[in-house]
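Number of protein chains: 4
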Amino acid sequence: EVKTQKGDYLVGTGKKDFDIRSIGYMDGIKDIHIVSDDYKLVSKKWKVNPTVIDLGDGVVIEEGGFQIMAGPCSIEGEDQIRKTINHLKSQGITIMRGGVYKPRSSPYAFRGLGIEGLKLWYELAKEAGMKIITEVMQVSQIAEMDPYVDIYQVGARNTQNFNLLDELGKGTDKPVMIKRGISGTIDELLSSAEYVFSGGNERLLLCERGIRTYEKATRNTMDLNAVAVLKEKTHLPVIADPSHGIGLRNHVEPIALASIMAGADGVIFESHEIPEEAYSDGQQTLNFSESNRLIDRMRKTFELRKSF
Amino acid sequence: EVKTQKGDYLVGTGKKDFDIRSIGYMDGIKDIHIVSDDYKLVSKKWKVNPTVIDLGDGVVIEEGGFQIMAGPCSIEGEDQIRKTINHLKSQGITIMRGGVYKPRSSPYAFRGLGIEGLKLWYELAKEAGMKIITEVMQVSQIAEMDPYVDIYQVGARNTQNFNLLDELGKGTDKPVMIKRGISGTIDELLSSAEYVFSGGNERLLLCERGIRTYEKATRNTMDLNAVAVLKEKTHLPVIADPSHGIGLRNHVEPIALASIMAGADGVIFESHEIPEEAYSDGQQTLNFSESNRLIDRMRKTFELRKSF
Amino acid sequence: EVKTQKGDYLVGTGKKDFDIRSIGYMDGIKDIHIVSDDYKLVSKKWKVNPTVIDLGDGVVIEEGGFQIMAGPCSIEGEDQIRKTINHLKSQGITIMRGGVYKPRSSPYAFRGLGIEGLKLWYELAKEAGMKIITEVMQVSQIAEMDPYVDIYQVGARNTQNFNLLDELGKGTDKPVMIKRGISGTIDELLSSAEYVFSGGNERLLLCERGIRTYEKATRNTMDLNAVAVLKEKTHLPVIADPSHGIGLRNHVEPIALASIMAGADGVIFESHEIPEEAYSDGQQTLNFSESNRLIDRMRKTFELRKSF
Amino acid sequence: EVKTQKGDYLVGTGKKDFDIRSIGYMDGIKDIHIVSDDYKLVSKKWKVNPTVIDLGDGVVIEEGGFQIMAGPCSIEGEDQIRKTINHLKSQGITIMRGGVYKPRSSPYAFRGLGIEGLKLWYELAKEAGMKIITEVMQVSQIAEMDPYVDIYQVGARNTQNFNLLDELGKGTDKPVMIKRGISGTIDELLSSAEYVFSGGNERLLLCERGIRTYEKATRNTMDLNAVAVLKEKTHLPVIADPSHGIGLRNHVEPIALASIMAGADGVIFESHEIPEEAYSDGQQTLNFSESNRLIDRMRKTFELRKSF
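Sequence order for the protein chains is P, R, B and E.
Okay, so the first sequence: first residue is 2 according to the working numbering, each after it adds one.
Okay, so the second sequence: first residue is 2 according to the working numbering, each after it adds one.
Okay, so the third sequence: first residue is 2 according to the working numbering, each after it adds one.
Okay, so the fourth sequence: first residue is 2 according to the working numbering, each after it adds one.
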């Protein structure tokens, strides 16, 4: 039996065929479905209505709407946070991204400001009415981070960190955005979401951020097919990350706009006052004037899609 | 020295450093460039102005315009051709796709109607003012096909068939659309174009049609990053093929629209009166009413992009 | 109906179920099988006994034996040919590899000595009792090359050049070695072999030469799993090409020896008197003394495998 | 400054050029190197002598030796443990593998017996003189597992779980075997090792277990190129896992033997009394008689390699 924020589910995974009517007629059973995928609760076969993620203060992520999340790769300090908040507010953006724990492939690279950075960011964001999305890397960080986070991000290197997923299902009721693995399949992403959902936390978002292929002209290969397929398979909102998806600043805009046409319910991208001086990911980060142009064009693109 | 449709080029590939001024001041030299990529003539470093492909009768493929090519995977017979032409004309489409030579991985599958099919198609297309794009598979077909073809297509299995590329450079002045290889890199696609261009034929188009990756939920992985990167690197028009790019009928539309936002100068897709009865590729082919909707939405999407 | 060098086969590819006894009892039918793969004639389900390729003069490629083919990437001239032949003869090698038509991704690279180079090589090889394996790139080369070739090689860029495969099935009775495509699946390789076999030429070899993956530390990723799987699925001999499989001279030996343990019936590798001066592929080519050591160790490794 | 089991290192990662002599002449500096890779301490440029992993009781993993680790995918209970130990002892194997924490992509699959299973296993292994290698999935398990583990295994989904790597560097002095990521590069594997090494734990092994590619005929694509390249780049022992590398029981043997020829210092594989009844991975697990044959042939293959 699985208890989540919205209901109690009884999930069967029997190996034998059985007559579902023998369960369906039992007392206390409201409804019963047979779902043959490895993921059940996150499937549209299970739940037809799209999941709505309400962050409070009127900030909602849902199918039919379009949310933009932007900000730096790494949180660097008070001045940077203030400038980013001002930039985002001027564009009507209400969700700010940024990393305080950074997964770095080399042990000698900058690893983020940690919990103190998050607290500082939270103070400034709160007074500005800005919501926070940030990466969590391990179970022990959850309790500490929980008061200061609006959406947890699970990074591409942790998509199959099953202990972390378990704990995000059981140990918090904050929304979680799961990024597709570096070379994760669409099915694996849905199974990872199933971990969190079946743990009890229904407030999930999925994120396409490019996959690893043989092509080296771009950092990753943005798989917009996956956006279209996910929108068919799951009731969860799907977010696109064009910054990591292509990894080249001057091509972030076309890929962001393309993501919207492919069906994304939101876009997350990296922006920084002076990308050349950013602590990380500068080569794929937009400056504020590029960011402004992108936001305007994304909204127009979404309006067109909505009209179809 | 390389002679093409628009000029005579002298391409140097020396291994030693030299002073380009010693060549630039020679009599008869109009201009000189140093291009360090493996592809030179197709690079924007060489030629800044976009290449315009004029098929006559006002049918033009070029940056800043948007061309749609549609039709069945395989040409099947007179009735099918007529119905397709009528469908396309009703939508204002002037370029029809279709295969008469089909590359099939099994020797036991349908291999196309061949040259007789092409002649029949040509008669019907000519009287309707419709241009023809069709695949050429080997050198010996070129002479035979040449009177009946408006654009040669080089398929994904022939992107590195260098003899075929050579002959398309030297043996015809008809335009050639080169599809990216099954797992071809962006640079390899440009090098293949260089074969044709350096052979003397400047009328080239490039086509992104999805690449092979580990993901099996879709037939291929449409790489829209490649569209954005190609638009930066080359002066040749870039076409997107969403039918092969995702391979699933109900997702062709979002990927087609996404391709336009990524920067494509045109889209080629598969349509058939009754896809379920098509000789090949039925699972990714639109019926005429789906096709009508897609064409309308693609034009609106292009108009939006143009307004940016 | 399919006629090959060893028999007449009737291959059915019906879509309806039928009772095979209704065919089996017909006059003139010797035996009947049901094979559900796309490849039938090359499957072990069809023919249990391993195919033996007899090149004459006692040179045989077959399961249970072990053949070595070596020589330069490109044939460069008389002196190089003589030195290579002397080197190979001193090691008891009787099959020499070398390219006279070279597929090159850039049109500005060396493309081989062509048919004149082949004739020269043939004269020298014949007087030394050396067999020749060399790449054929297009249909029109077959008639010209046929008198001078002992084994045709189909390169990794032509594995799905179906016209070439057709013609190698119908237009020659010389053996053909088909390399796996740049990113070809095992099933596609078998289907390509089926093209040649069903065209009438049963004398086929398959070659694993590494596939394209995201890993860039090596030129390709040698897939020795494929060697093991092919030995299970087909009755055709399987050859390994460690030179292209890893692409780094100092690692050719371990990968060659590993290929034997994985089950290869032969190894083809690149050797040159002075690899640093080779016209192509020098970085993966062994010099003669490295070659001698490798040959000795391969034979010992094969002896051990045979003892199992 | 980095303190490990064998010494104190000062690792510089400055961005400016500097004269290494200005450091080298300082008091207390024994030696100084410049290493330009992302991984430094695990590189052969830093430490030429191969790392030796001594587990006590004469059980050593090192270059020039050959260690076999075998056992079930999952620890299932006392009876299974006893039978496996007896089987291994009869073959002279002294390291047993098995999982008590299982990473499973579906939340509904068997997740292992946990710490109680490990304690039981430890009791039985200790009395038999058998060493234990088992997977650790998260930081919080380390303290608990530490008394019962001889080698920690970091699984392919945790290769870039940097918090886990950090803690294995600082929180234990037990050896750690890091598996290559599902689609991890060779360089990323070395950088992950650098995390542990720079944290203070020098007792590391690396493991090639197959990578994710487009080929689906096998579970993964065993990359034996990586074994050869790793043996060149690092002083750490390299282990091959043919069970996961190919994922098909009847092909584990050839790939295991091939791994040895490619240069592996050891092989880890899955064996079970009745693979068909194993809780997990039965399709790639050998029964005891297959296991016996493999062990015998691996030792003979290693002897041959050693003789070269």
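Ideal Cβ positions, reconstructed from N, Cα and C, are used throughout, including at glycine.
Owing to the predicted nature of the structure, the values given are computational and were not obtained by experimental measurement.
(request) Give the single residue among Leu-206(P), Ser-244(P) and His-236(P) whose Cα lies nearest to the Cα of Asp-224(P). (result) Counting from one through the first sequence, the residue named residue 224(P) turns up at place 223. The candidate whose alpha carbon is nearest that of Asp-224(P) is Ser-244(P).
(message) My parser needs the beta strand (DSSP E) runs of 3 or more residues fully inside the segment 46-100 of chain P; what are they?
(response) 68-72 and 96-98
(request) Give the straight-line distance between the Cα atoms of Ile-1(E) and Ala-157(R), rounded to the nearest whole angstrom. (result) This structure leaves residue 1(E) out entirely; chain E is present only between 2 and 309.
(message) Could you give the first and the last residue of the continuous beta strand (DSSP E) run that contains Gly-267(R)?
(response) Here residue 267(R) corresponds to residue number 266 of the second sequence, with the count starting at 1. Unbroken beta strand (DSSP E) run through Gly-267(R): 267-271.
(message) Just verifying my parser: in three-state terms, what is the DSSP assignment at Glu-209(P)?
(response) Here the question's residue 209(P) lines up with position 208 in the first sequence. In the structure shown, Glu-209(P) sits in a strand (DSSP, three-state: E or B).
(request) Verify the CB distance criterion: does Pro-255(P) have a CB-CB separation below 8 Å to chain R? (result) The sequence position of residue 255(P) within the first sequence is 254, counting from 1. Taking Cβ atoms only, chain R reaches closer than 8 Å to Pro-255(P), which makes this a yes.
(message) Classify Gly-100(B): buried if its beta carbon has 16 or more other beta carbons within 10 angstroms, exposed otherwise.
(response) Stepping through the third sequence from its first residue, residue 100(B) is reached at position 99. With 16 or more Cβ atoms within 10 Å of its Cβ, Gly-100(B) is classed as buried.
(message) Quick check: Ile-261(B) and Arg-306(B), are their CB atoms within less than 8 Å of each other?
(response) Locating residue 261(B) in the third sequence gives position 260, where the first residue counts as 1. Locating residue 306(B) in the third sequence gives position 305, where the first residue counts as 1. It is a contact, given that the beta carbons lie within the stated cut-off.
(message) Using 8 Å as the cut-off, can you tell me whether the segment 51-67 of chain E makes contact with the segment 125-140 of chain P, which would need three or more C-beta pairs spanning the two stretches below that distance?
(response) no
(message) Taking 8 Å as the cut-off, does the segment 228-245 of chain R touch the segment 238-255 of chain E (at least 3 CB pairs, one atom from each stretch)?
(response) no
(request) Closer than 8 Å by beta-carbon distance: list the chain E residues that pair up with Glu-189(P), in chain order. (result) Translated into the one-based positions of the first sequence, residue 189(P) becomes position 188. By Cβ distance, chain E contributes Ser-106.
(message) Would Leu-190(B) and Thr-160(B) be called neighbours here (beta carbons separated by less than 8 Å)?
(response) As a working mapping, residue 190(B) is identified with position 189 in the third sequence. As a working mapping, residue 160(B) is identified with position 159 in the third sequence. Yes, the pair counts as a contact, with Cβ atoms nearer than the cut-off.
(message) Nearest by alpha-carbon distance to Trp-47(R): which of Glu-216(R), Arg-298(R) and Ser-199(R) is it?
(response) Locating residue 47(R) in the second sequence gives position 46, counting from the first residue. It is Ser-199(R) whose Cα lies nearest to the Cα of Trp-47(R).
(message) Considering only the alpha carbon of each residue, which of Tyr-102(B), Ser-192(B) and Ile-82(B) lies closest to Ala-126(B)?
(response) Against the third sequence, residue 126(B) aligns to sequence position 125. If we check each option's Cα against that of Ala-126(B), Ile-82(B) comes out closest.
(message) Quick check on this structure: which residue in Val-150(R), Tyr-149(R) and Ile-179(R) has the alpha carbon closest to the alpha carbon of Asn-162(R)?
(response) If you number the second sequence from 1, residue 162(R) lands on position 161. The residue with the shortest Cα to Cα distance from Asn-162(R) is Ile-179(R).
(request) For Ser-44(P), name the three-state secondary structure that DSSP assigns. (result) On the first sequence, residue 44(P) is found 43 positions in, with the first residue counted as 1. Strand at Ser-44(P).
(request) Flag Arg-83(R) as yes if its beta-carbon sits less than 8 Å from any beta-carbon of chain P, otherwise no. (result) The residue given as residue 83(R) occupies position 82 in the second sequence. It does not; no Cβ of chain P falls within 8 Å.
(message) Which runs of the beta strand (DSSP E) at least 3 residues long sit entirely within the segment 172-233 of chain B? Give them in chain order.
(response) 177-180 and 205-209
(request) Examine chain R for any beta-carbon lying closer than 8 Å to the beta-carbon of Phe-163(B), and answer yes or no. (result) Taking the first residue of the third sequence as position 1, residue 163(B) is located at position 162. At least one chain R Cβ lies under 8 Å of Phe-163(B).
(request) May I have the straight-line CA-CA distance separating Gln-92(B) from Gly-264(E), to the nearest angstrom? (result) As a first step, residue 92(B) is located in the third sequence; it is residue number 91 there, counting from the start. As a first step, residue 264(E) is located in the fourth sequence; it is residue number 263 there, counting from the start. Answer to the nearest angstrom: the Cα atoms are 25 Å apart.
(request) Report the neighbours of Asn-159(B) on chain R: residues whose CB is nearer than 8 Å to its CB, in chain order. (result) For the purposes of this step, residue 159(B) is identified with residue 158 of the third sequence, where counting begins at 1. Here the neighbours are Asn-162.
(message) Taking the alpha-carbon of Pro-73(P) as reference, which of Gly-201(P), Trp-122(P) and Asn-50(P) has the nearest alpha-carbon?
(response) Here residue 73(P) corresponds to residue number 72 of the first sequence, with the count starting at 1. The option with the nearest alpha carbon to Pro-73(P) is Trp-122(P).
(message) In the DSSP output, which residue or residues are listed as bridge partners for Tyr-153(R)?
(response) Start at 1 with the first residue of the second sequence, and residue 153(R) comes out as number 152. Paired residue(s): Thr-135(R) and Val-177(R).
(message) With a threshold of 8 Å between beta-carbons, can Asp-224(B) be considered close to chain E, or not?
(response) Stepping through the third sequence from its first residue, residue 224(B) is reached at position 223. Interface residue, yes.
(message) Beta carbons nearer than 7 Å to chain P: which residues of the segment 168-199 of chain E have them?
(response) Ile-183, Ser-184, Glu-189, Ser-192, Glu-195, Tyr-196 and Ser-199
(request) Can you pull the chain P residues whose beta carbon is under 7 Å from the beta carbon of Leu-258(R), in chain order? (result) Within the second sequence, residue 258(R) is the residue found at index 257, counting from 1. Within 7 Å Cβ-Cβ: Met-262.
(request) Kindly indicate which three-state DSSP category Ala-259(P) falls into: helix, strand or coil? (result) By 1-based counting over the first sequence, the position of residue 259(P) is 258. Ala-259(P): helix per DSSP, three-state reduction.
(request) Hey, could you find the ends of the beta strand (DSSP E) Ala-241(E) is sitting in? (result) Looking up residue 241(E) in the fourth sequence gives position 240. Run containing Ala-241(E): 239-241, per the beta strand (DSSP E) assignment.
(request) Consult DSSP for Phe-303(E) and reduce its assignment to one of helix, strand or coil. (result) Here the question's residue 303(E) lines up with position 302 in the fourth sequence. If DSSP states are grouped into helix, strand and coil, Phe-303(E) belongs with the helices.
(request) Taking only the alpha-carbon atoms, compute the straight-line gap between Ser-106(B) and Tyr-196(R) and give it to the nearest angstrom. (result) As a working mapping, residue 106(B) is identified with position 105 in the third sequence. As a working mapping, residue 196(R) is identified with position 195 in the second sequence. Whole-angstrom Cα-Cα distance: 9 Å.
(message) Can you pull the chain P neighbours of Tyr-215(B), defined as C-beta to C-beta under 8 Å?
(response) Translated into the one-based positions of the third sequence, residue 215(B) becomes position 214. Per Cβ cutoff of 8 Å: Ser-184, Arg-213, Thr-214 and Tyr-215.
(message) Looking at chain P, is there any beta carbon in it that lies within less than 8 Å of the beta carbon of Ser-75(E)?
(response) Residue mapping note: residue 75(E) aligns to position 74 of the fourth sequence, counting from 1. Taking Cβ atoms only, chain P never reaches closer than 8 Å to Ser-75(E), which makes this a no.
(request) Mind checking which residues open and close the alpha helix (DSSP H) that includes Glu-128(P)? (result) For the purposes of this step, residue 128(P) is taken as residue 127 along the first sequence, with counting starting at 1. Run containing Glu-128(P): 115-129, per the alpha helix (DSSP H) assignment.
(request) Using a cut-off of 7 Å between C-beta atoms, extract the partners of Met-97(B) located in chain R. (result) For the purposes of this step, residue 97(B) is taken as the residue at position 96 of the third sequence. In chain order: nothing, as chain R lies at least about 24 Å away.
(request) Return the residue from the list Glu-254(B), Ala-229(B), Glu-145(B) and His-273(B) that minimises the CA-CA distance to Cys-321(B). (result) Given a span of 2 to 309 for chain B in the structure shown, any question on residue 321(B) remains unanswerable.
(message) With DSSP as the reference, identify every bridge partner of Gly-286(B), one or two as the case may be.
(response) Taking the third sequence and counting its residues from 1, the one referred to as residue 286(B) is at position 285. First, the amino acid is wrong: residue 286(B) is Thr here, not Gly. According to DSSP, which records beta bridges pairwise, Thr-286(B) is partnered with nothing at all.
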